[in-house]
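Shown next, in structure tokens, is the structure this report addresses.
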Amino acid sequence: MRRGEWNRRMTPFDPAVGLLTALALRTGIIAVTLLAWRRSSVARSVAFLGSTIASVMTGLTAATVLRASSSVHGVLLMHRASGFSLSYTVDGLSAWFLIVLSVVAVPIALFSIGYVGHPHFARRSAFVGIVFNVLVGAVELVFAAADAITFLFAWELMTLTTAALVATEHEERVNRRAAYQYLVMSHVGTGCLMAGFLILAAASGSVSFSALLAGDLVSAPARDALFALFFLGFGVKAGVIPLHVWLPEAHPAAPTSISALMSGVLIKAGIYGLVRVCAFGLGTPRLSWGVFVVASGGLSAVLGVLYALMQHDLKRLLAYHSIENIGIILLGLGAGMMSLAYGRRDVASIGIVASLYHVLNHAVFKGLLFLGAGGVVMATGTRQIEQFGGLLRRMPWTGLFFLVGAMAISGLPPLNGFASEWLTFQAFLFGFRSSAEPLVHLLFPIGGALLALTTALAAACFVKAFGISFLALPRSRAAADAQESPAVMLVPQAFLAALCVGLGLFPGVVVRVLGGAMATLPGLQPQAAIAADSLGLALGLGSFDHVAPVVLGAAMLGGFAVATWVTMRAGAVVRRVPTWGCGGELTARTEYTATAFSKPLMMIFRAVYRPTREVEALAEVSPYFPREVRYRAEIEPTFERYVYGPLLRAVLRMAEGMKVLQAGSLHTYLAYVIVLVVTLVLMVWWRG
Amino acid sequence: MTNDVLILCAAGMLVSAYLMVGQKALFTAIRLYSAQSLFLGIVAITIAISESRHDLFVTAALTVSLKGILIPWFLMRVIDRIGIHREIEPFLNVPASLLICVGLTVVGYRVSTGFPEGARGVSHHLIGTALSMLLIGLFLMVTRKKAITQILALLTVENAVFLVAVGVTSGMPLVVELGIFFDVILAVLILGILVHRIVDRFESMDVSRLAKLKG
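So the sequence lines, in the order shown, correspond to chains U and X. Residue numbering for the first sequence follows this note's numbering, beginning at 1 and increasing consecutively. Residue numbering for the second sequence follows this note's numbering, beginning at 689 and increasing consecutively.
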């Protein structure tokens, strides 16, 4: 049977219409949900089940495109008179990101049926359902857009709907503030994107991506400026430090299923832009761009995880981990861009494969972790880790899935985080070994070291997040009374957890699929660089160049089994006794707290955190017998205080100055008009 | 002959604009606007006859009936209702205003010579007149405080634009002209109502008091 026939038989619909059908379906869903506005359970089911179907369709379209290594083109809207059209293209790269989106959007939508059904959100069901559909549709369009106008339209739609969802619980000032901050920062970013696309459009005389992103359209300094504009624009969305400050505010403010989508996919829209435009759209990347991307990636990774360590709000902690993972993705991308600049296609391919692989992995495990966090937050009514404890006994399934996610994000084999981080390491190590350029020799070891540090710190952070939340005794009434989430919320988590395992065990399959995506990017040779059978990866570079997570996993399990067997053989007797409480009563107050757990790291990285602490002892009789001791530790919000503080003040000062123009007097405004008209008339005089 | 009539009417419109600048009594200002609109009507009729463009008769009829009669009548009624008859204190006194307006006319005329001559050979005079009227209208809006005067100034600007449209290009399509007429009527109605509201709130028609609304 020929390949084409097989494809046609495998997919129930033509991929050329798959995306359009999905978008049309979403429109229909939105209409029906609007009709069912008052009946929240109907609205919920229609919106989220419908979204699942639409996402599956998009995912199938993307999978077909990837398998056939072809691309699908189409037109969304055509204005006949002017010949202006909004068009889309699903090529390899788009398809990869569409798959990432679908893989996460399906479980999130299912989870939302249960999550948004909670009395806390139920009355907003229709709102969340509708905006969710608009949002996912907008992201699909962002990934598929084939011209700058469609792209910017979808991009703005995505930004606006996200802001609306962040402000779902608009009664609370914090949430409104987070949404506002997100809007302002995103619009500065979009402004940069518009400027960049307009410059390119002026140079190429077209708005379609195939012309805009064809490469060397402008001179070298102008390319540098364009890179800066696009990096700023996409970096804001991706949450690259120091453009990240909206992220830890917006993620906790949104309903958890939306946070999962934001963290899993929305910030990846920034990565998509960086790959599509900065790395492959402006001609061969210049060396300085690669260096810049590696540097900002390293900074984001390390600072992201360091700040995450100090968070005791579960969702904020996860949000900072998103910054960290964006950093890891950028490290791979930056290594790839530097290698491209040096003409090392093999290293470049490894770096880019690693970063795209990590895009999917991060979406899966961060989606899983956020969904788990959503279940926990719903069950306990708080986001503070210090209030949890002992949840594993009360929510065993949530605990299990959260543990899988925590292990994956910590990069433990055989889970998926390991595979992509291993590839990123290989890009750095192999690049270092096989090239003689001084910059590579300087930066690649540093990049690798930062990645190693990041991974280790992430593991520490998730030991804290899992241990303090799920183990030991409950620290509050709420945690003690927690109930396991309903099945509709657990099944999506199970799905994502299984994906974490599957994507880790079969890295070869993923890399082969990625080969289809990479084929559309100029200057790469992934197939040659990474030979892969289903279970393992081999780079063909000599020693330590291949890995098979399944073997590593088996070795770990085997070692554990052997150790158990040896202990049993040695005649160890299992004794079951109560935990020793140092002679006192065993309560939650004797437990290790999250603050205490992260304290040593706070001391080690004092230079970064610049902590301030306050100890206050309240004594009645003698200072030696305090009745109550209060401890408060804060880390300095460096970027907020030293970068955005001065910036904000400067903007406000300017606004204050502009206020003079806006005097509120009708005559002044009219005077502006007449001055303008007379000036224009005089200009005509001088010209003519 | 046709050209002489056109230039005479345009000059009449410009003179009425000047008189409006020099006038403090609101009733007289409205009558001046009425006269200005009548001149505009004559311009339209002249062109309609000389080029046998029959749709311009409709335009002329509408100009005379709406701008020459209906709008002035409505504005006078507004003034009667609120009982304020004089522009008391403009930002600039009359002699200074007239001097500046002369300057604006010079600018407008000088610029108009840069335009290519139209078919009739009068285009440049018409454009010069119209530009001067437009600038004078804007100037009136800036320097006068009474809301009624500002409405009149706006209508003067509108007449100037119309003069160019009719006199130089032999008129826009009738549909467009009808649309503009409706716009003008609506604007005057709304502004008239607004004047009532302003007087209600502030016990005065002085728009500079609107600055108090600013937070």
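The C-beta atom is built at its ideal place from N, Cα and C for all residues, glycine as well.
Whole-angstrom Cβ separation of residue 323 of chain U and residue 247 of chain U, contact assumed at under 8 Å? Indexing the first sequence from 1 puts residue 323 of chain U at position 323. Indexing the first sequence from 1 puts residue 247 of chain U at position 247. Their Cβ separation, rounded to whole angstroms, is 6 Å, which keeps residue 323 of chain U and residue 247 of chain U in contact under 8 Å.
Simplified DSSP state of residue 415 of chain U, which is helix, strand or coil: Here residue 415 of chain U refers to the residue found at position 415 of the first sequence. DSSP places residue 415 of chain U in coil when its eight states are reduced to three.
Taking 8 Å as the cut-off, decide whether the C-beta atoms of residue 814 of chain X and residue 698 of chain X are in contact. Residue numbering aside, residue 814 of chain X sits at position 126 when the second sequence is read from its first letter. Residue numbering aside, residue 698 of chain X sits at position 10 when the second sequence is read from its first letter. Cβ atoms of residue 814 of chain X and residue 698 of chain X: closer than 8 Å.
Looking only at its own chain, which residues have a Cβ that is under 7 Å from the Cβ of residue 430 of chain U, when we skip the five neighbours before and after it? If you number the first sequence from 1, residue 430 of chain U lands on position 430. Cβ neighbours of residue 430 of chain U beyond the five flanking positions: 347, 350, 539, 541.
When you check each C-beta in the region 664 to 682 of chain U against every C-beta of chain X, which residues fall closer than 8 Å? Look at the region 664 to 682 of chain U: the residues with a C-beta under 8 Å from a C-beta of chain X are 664, 665, 666, 667, 670, 671, 673, 674, 677, 678, 681, 682.
Once the 5 residues before and after residue 113 of chain U are set aside, which same chain residues still bring their CB inside 8 Å of it? Working through the first sequence from its first residue, we reach residue 113 of chain U at position 113. Exclusion of the five residues before and after residue 113 of chain U leaves 44, 45, 48, 49, 488 as the residues of its chain whose Cβ lies within less than 8 Å of its Cβ.
So which residues of chain X does residue 685 of chain U contact, with C-beta pairs closer than 9 Å? What you label residue 685 of chain U is simply residue 685 of the first sequence in a count that begins at 1. Chain-ordered, the chain X residues with CB closer than 9 Å to the CB of residue 685 of chain U read 795, 798, 799, 802.
Residue 280 of chain U Cβ short of 7 Å to the ligand COA heavy atom set: The ligand COA is not part of the structure shown, which contains no ligands of any sort.
At least 3 beta-carbon pairs within less than 8 Å: the region 175 to 187 of chain U vs the region 62 to 70 of chain U: The region 175 to 187 of chain U vs the region 62 to 70 of chain U: no contact.
Chain U contact for residue 893 of chain X (CB, 8 Å cutoff): One-based indexing of the second sequence puts residue 893 of chain X at position 205. Chain U has no Cβ within less than 8 Å of the Cβ of residue 893 of chain X.
Any C-beta of chain X under 8 Å from that of residue 11 of chain U: Your numbering for residue 11 of chain U matches position 11 in the first sequence. With a pLDDT of only 49 at residue 11 of chain U, under 50, the local geometry of the prediction cannot be trusted, and the value read off the model is given with reservation. Under the 8 Å criterion on CB atoms, residue 11 of chain U is classed as non-interfacial with respect to chain X.
With a floor of 3 residues, list each beta strand (DSSP E) that falls wholly inside the region 369 to 435 of chain U, ordered by position along the chain. Taking only runs of at least 3 residues, no beta strand (DSSP E) segment lies wholly in the region 369 to 435 of chain U.
Residue 553 of chain U beta carbon less than 8 Å from that of residue 508 of chain U: Start at 1 with the first residue of the first sequence, and residue 508 of chain U comes out as number 508. Start at 1 with the first residue of the first sequence, and residue 553 of chain U comes out as number 553. No, these two residues do not count as a Cβ contact at 8 Å.
Does the Cβ-Cβ distance between residue 857 of chain X and residue 701 of chain X come in under 8 Å? On the second sequence, position 169 is the one that residue 857 of chain X refers to. On the second sequence, position 13 is the one that residue 701 of chain X refers to. No.
Segment contact flag, the region 361 to 375 of chain U with the region 395 to 413 of chain U, C-beta cutoff 8 Å, min 3 pairs: Touching, per the Cβ criterion.
Buried or exposed: residue 659 of chain U, going by 16 or more other Cβ atoms within 10 Å of its Cβ? Taking the first residue of the first sequence as 1, we reach residue 659 of chain U at position 659. So residue 659 of chain U counts as exposed.
Considering only C-alpha positions, which residue in the set X/890, X/754, X/730 is nearest to residue 770 of chain X? The sequence position of residue 770 of chain X within the second sequence is 82, counting from 1. Closest option to residue 770 of chain X, Cα to Cα, is X/890.
Candidates U/434, U/321, U/525, U/610: closest to residue 456 of chain U by CA position: Within the first sequence, the letter at position 456 stands for residue 456 of chain U. Answer by Cα proximity: U/321.
When DSSP labels each residue in this structure, what does residue 249 of chain U get in the three-state scheme? Numbered from its first residue, the first sequence carries residue 249 of chain U at position 249. DSSP places residue 249 of chain U in helix when its eight states are reduced to three.
At least three beta-carbon pairs within less than 8 Å, the region 323 to 333 of chain U to the region 294 to 301 of chain U: Yes, the region 323 to 333 of chain U is in contact with the region 294 to 301 of chain U.
Would you identify the three-state DSSP class for residue 212 of chain U, choosing helix, strand or coil? Stepping through the first sequence from its first residue, residue 212 of chain U is reached at position 212. Look at residue 212 of chain U here: in three-state DSSP terms it is helix.
If I follow the unbroken alpha helix (DSSP H) through residue 627 of chain U, where does it start and stop? In the first sequence, counting from the first residue as 1, residue 627 of chain U sits at position 627. Careful: residue 627 of chain U lies outside any alpha helix (DSSP H), inside the beta strand (DSSP E) at 626 to 634.
Can you tell me whether residue 234 of chain U is buried or exposed, with buried defined as 16 or more other CB within 10 angstroms of its CB? Counting from one through the first sequence, the residue named residue 234 of chain U turns up at place 234. It counts as buried.
Taking DSSP as the reference, what is the three-state secondary structure of residue 562 of chain U? The residue you call residue 562 of chain U lines up with position 562 of the first sequence. Correct three-state label for residue 562 of chain U: helix.
Apart from the five residues just before and just after residue 626 of chain U, which ones in its own chain have a Cβ nearer than 7 Å to its Cβ? In the first sequence, the residue the question calls residue 626 of chain U occupies position 626. Result list for residue 626 of chain U: 617, 618, 619, in chain order.
Let me see if you follow: with CB-CB separation under 8 Å, is residue 827 of chain X close to chain U or not? The residue labelled residue 827 of chain X in the question sits at position 139 within the second sequence. Interface annotation, residue 827 of chain X: in contact with chain U, CB-CB separation under 8 Å.
Is the CB-CB distance between residue 392 of chain U and residue 318 of chain U below 8 Å? For the purposes of this step, residue 392 of chain U is taken as residue 392 along the first sequence, with counting starting at 1. For the purposes of this step, residue 318 of chain U is taken as residue 318 along the first sequence, with counting starting at 1. In this structure, residue 392 of chain U lies away from residue 318 of chain U, with their beta-carbon atoms at least 8 Å apart.
Less than 8 Å between the C-beta atoms of residue 19 of chain U and residue 90 of chain U, yes or no? Here residue 19 of chain U corresponds to residue number 19 of the first sequence, with the count starting at 1. Here residue 90 of chain U corresponds to residue number 90 of the first sequence, with the count starting at 1. Against a cut-off of 8 Å, the Cβ pair of residue 90 of chain U and residue 19 of chain U comes out as a contact.
List, in chain order, every chain U residue whose beta-carbon is nearer than 7 Å to that of residue 830 of chain X. Translated into the one-based positions of the second sequence, residue 830 of chain X becomes position 142. What residue 830 of chain X touches in chain U, judged by beta-carbon distance under 7 Å, is 667, 670, 671, 674, going in chain order.
On the premise that residue 819 of chain X lies in contact with residue 681 of chain U, defined as a C-beta separation below 8 Å, what is that separation, rounded to the nearest angstrom? Stepping through the first sequence from its first residue, residue 681 of chain U is reached at position 681. Stepping through the second sequence from its first residue, residue 819 of chain X is reached at position 131. About 7 Å separates the two Cβ atoms, so the contact holds.
8 Å Cβ cutoff met for residue 209 of chain U and residue 147 of chain U: Mapped onto the first sequence, residue 209 of chain U falls at position 209. Mapped onto the first sequence, residue 147 of chain U falls at position 147. Contact flag set, yes.
Which of helix, strand or coil DSSP assigns to residue 7 of chain U: Position 7 of the first sequence, counting from 1, holds the residue named residue 7 of chain U. Any reading at residue 7 of chain U must be qualified, since the residue scores a pLDDT of 47, below 50, and its modelled position is unreliable; no value is offered.
Going by DSSP, name the residue or residues bridged to residue 88 of chain U. In the first sequence, counting from the first residue as 1, residue 88 of chain U sits at position 88. In DSSP, residue 88 of chain U forms a bridge with U/74, U/145.
Reference residue 161 of chain U, options U/33, U/130, U/595, U/516, closest by Cα: If you number the first sequence from 1, residue 161 of chain U lands on position 161. The shortest C-alpha separation from residue 161 of chain U is found at U/130.
Compare the C-beta of residue 8 of chain U against all C-beta atoms of chain X and say whether one is closer than 8 Å. Along the first sequence, one-based indexing puts residue 8 of chain U at 8. Interpretation of residue 8 of chain U is limited by its pLDDT of 48, a score under 50 that renders its predicted location unreliable; the figure taken from the coordinates is listed afterwards. No, residue 8 of chain U does not count as interfacial toward chain X.
What is the DSSP secondary structure of residue 615 of chain U, counted as helix, strand or coil? Within the first sequence, residue 615 of chain U is the residue found at index 615, counting from 1. In the structure shown, the three-state DSSP call for residue 615 of chain U is strand.
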